[in-house]
Amino acid sequence: MRIKDHFLSQEIFEIKETETKGVFKTSPIPSNISKYYESEDYISHHQDSGSFKEKLYKFLQSFNLQYKKNILADRIKKGSKVLDYGCGAGEFVKYIENDFETFGFEPDADARKAVVSKISKATVLDNIQNIPDQSLDAITLWHVFEHIENQDEMLEQFHGKLKEKGLLIIAVPNPTSYDAKHYKEYWAAYDVPRHIYHFSKIGMENLISKKPGWKMRKIKPLVLDSFYISMLSEKYKKSPLFWLKAVIYGTISNVKALFSNEFSSLIYIIEKR
């Protein structure tokens, strides 16, 4: 499948299935991949601009933050140690720091500064090797795992940092959702080449089943993602009334997913064995 980088470069990339069925990889991966993040509009790092897109993002984000926090609170005790890997500008780190002993890892220096300016208790890291082995109760990656090329290496590192029965919580877009099939090459969550990997539900289950020391415990939806992804997709198509169409197709996607479980984004709750 050939996909354009609608967000920034307008370059064309291919998405090809890997040796793990249901897991796909963007090709080629640019050697200067950091250049493809250099935009004030990149939602993970930019400051408040007051645009409609960002206001909608922040509105949906407020619900998602509580939902994500509840996933942790239902499974680990208050005061447990949590690492948010790839924490961006630190919204989740800030949201949970009063309930958990919270660490945020972010490789981008500007984003780390944004995190530090928001938090009061959490610890911000530029290297997770500073965290002792077998010390964490949970590691979260909210729309981060798809950006990581050396995934085998990182899964080993996460395994080493977690306590026995610690949780690895990974949220990624789902290319077998209704909205992905509807928008096809315009589906915003392909986000090539920044998204290096793409995981169907079966693909993520296959990936984890092949890795010793992990067990898939539960899969949960990120229901609101369908609306934001649909809005961006409509904008890429230059659709009039893009916001209205986003509501329509985001709703259709979620209703269909109630029966298929193929939501626009999925959260995988994985336990260290």
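Going by the working numbering, the sequence shown opens with residue -10, and the numbers climb by one from there. All C-beta atoms in this analysis are idealised placements derived from N, C-alpha and C, irrespective of residue type, glycine included.
Host beta strand (DSSP E) of residue i (start-end)
{"i": "Met(-10)", "result": "Careful: Met(-10) lies outside any beta strand (DSSP E) and carries neither H nor E."}
{"i": "Thr15", "result": "12 to 16"}
{"i": "Phe2", "result": "1 to 6"}
{"i": "Asp126", "result": "125 to 131"}
{"i": "Phe188", "result": "186 to 188"}
{"i": "Ala160", "result": "151 to 162"}
{"i": "Val113", "result": "112 to 114"}
{"i": "Ser(-2)", "result": "Where Ser(-2) is concerned, there is no enclosing beta strand (DSSP E), given that its DSSP letter is neither H nor E."}
{"i": "Ser253", "result": "Neither: Ser253 is in no beta strand (DSSP E) and is coded neither H nor E."}
First and last residue of the uninterrupted alpha helix (DSSP H) at residue i
{"i": "Ala169", "result": "167 to 172"}
{"i": "Arg206", "result": "It is not in any alpha helix (DSSP H) - Arg206 instead sits in the beta strand (DSSP E) that spans 203 to 210."}
{"i": "Lys199", "result": "From DSSP, Lys199 is part of no alpha helix (DSSP H); its letter is neither H nor E."}
{"i": "Ala178", "result": "Counting along the chain, Ala178 falls outside any alpha helix (DSSP H), and DSSP gives it neither H nor E."}
{"i": "Ser106", "result": "98 to 107"}
Buried or exposed by the 16-neighbour rule on C-beta atoms within 10 Å, applied to residue i
{"i": "Gly68", "result": "exposed"}
{"i": "Phe134", "result": "buried"}
{"i": "Ala246", "result": "buried"}
{"i": "Leu221", "result": "buried"}
{"i": "Asp126", "result": "buried"}
{"i": "Met(-10)", "result": "exposed"}
{"i": "Pro17", "result": "exposed"}
{"i": "Lys70", "result": "buried"}
{"i": "Asp168", "result": "buried"}
{"i": "Lys199", "result": "exposed"}
{"i": "Ala98", "result": "exposed"}
{"i": "Val161", "result": "buried"}
{"i": "Asn139", "result": "exposed"}
{"i": "Glu86", "result": "buried"}
{"i": "Lys5", "result": "exposed"}
{"i": "Asp122", "result": "exposed"}
{"i": "Asn243", "result": "buried"}
{"i": "Ser189", "result": "buried"}
{"i": "Asn21", "result": "exposed"}
{"i": "Lys10", "result": "exposed"}
{"i": "Phe41", "result": "exposed"}
{"i": "Lys261", "result": "buried"}
{"i": "Phe147", "result": "buried"}
Proximal residues to residue i (C-beta, below 6 Å), its chain only, five neighbours per side dropped
{"i": "Ile263", "result": "The first residue shown for the chain is -10 and the last is 262, placing residue 263 beyond what the model contains."}
{"i": "Val113", "result": "Gly93, Arg101, Val104, Val105"}
{"i": "Asp63", "result": "none"}
{"i": "Ile65", "result": "Asp126, Ala127"}
{"i": "Pro19", "result": "Pro182"}
{"i": "Lys315", "result": "Here the chain comprises residues numbered -10 to 262, so residue 315 is not present and cannot be evaluated."}
{"i": "Ile1", "result": "Arg(-9), Lys(-7)"}
{"i": "Tyr179", "result": "Ile(-8)"}
{"i": "His132", "result": "Ala160"}
{"i": "Phe13", "result": "Ile4, Glu6, His187"}
Cβ-based neighbour list, residue i, same chain, cut-off 7 Å, excluding 5 preceding and 5 following
{"i": "Tyr84", "result": "Leu54, Lys58"}
{"i": "Glu194", "result": "Met205"}
{"i": "Tyr26", "result": "Arg183"}
{"i": "Gly79", "result": "Gly93, Ala103, Val104, Lys107, Ile108"}
{"i": "Gln118", "result": "none"}
Residue i CB to nearest heavy atom of the ligand SAH below 7 Å
{"i": "Gly77", "result": "Among the components of this structure there are no ligands whatsoever, and the ligand SAH is therefore not found."}
8 Å Cβ shell around residue i - same chain, five flanking residues per side excluded
{"i": "Gln(-1)", "result": "Lys(-7)"}
{"i": "Ser124", "result": "Lys70, Lys150, Lys152"}
(request) Determine, using beta-carbon pairs with one atom in the segment 222 to 229 and one in the segment 246 to 257, whether at least three such pairs fall under 8 Å. (result) no
(message) Pairs of beta-carbons, one from the segment 199 to 207 and one from the segment 174 to 182, closer than 8 Å: are there three or more?
(response) no
(message) Which runs of the beta strand (DSSP E) at least 3 residues long sit entirely within the segment 23 to 91? Give them in chain order.
(response) 70 to 74
(message) For the structure I just gave you, are there three or more beta carbon pairs, one from the segment 42 to 53 and one from the segment 205 to 220, closer than 8 Å?
(response) yes
(message) Quick check for students: name the residue ranges of the alpha helix (DSSP H) that lie wholly in the segment 219 to 249, counting only runs of 4 or more.
(response) 231 to 249
(message) Under 8 Å: do the segment 229 to 242 and the segment 155 to 171 share three or more Cβ pairs, one atom per stretch?
(response) yes
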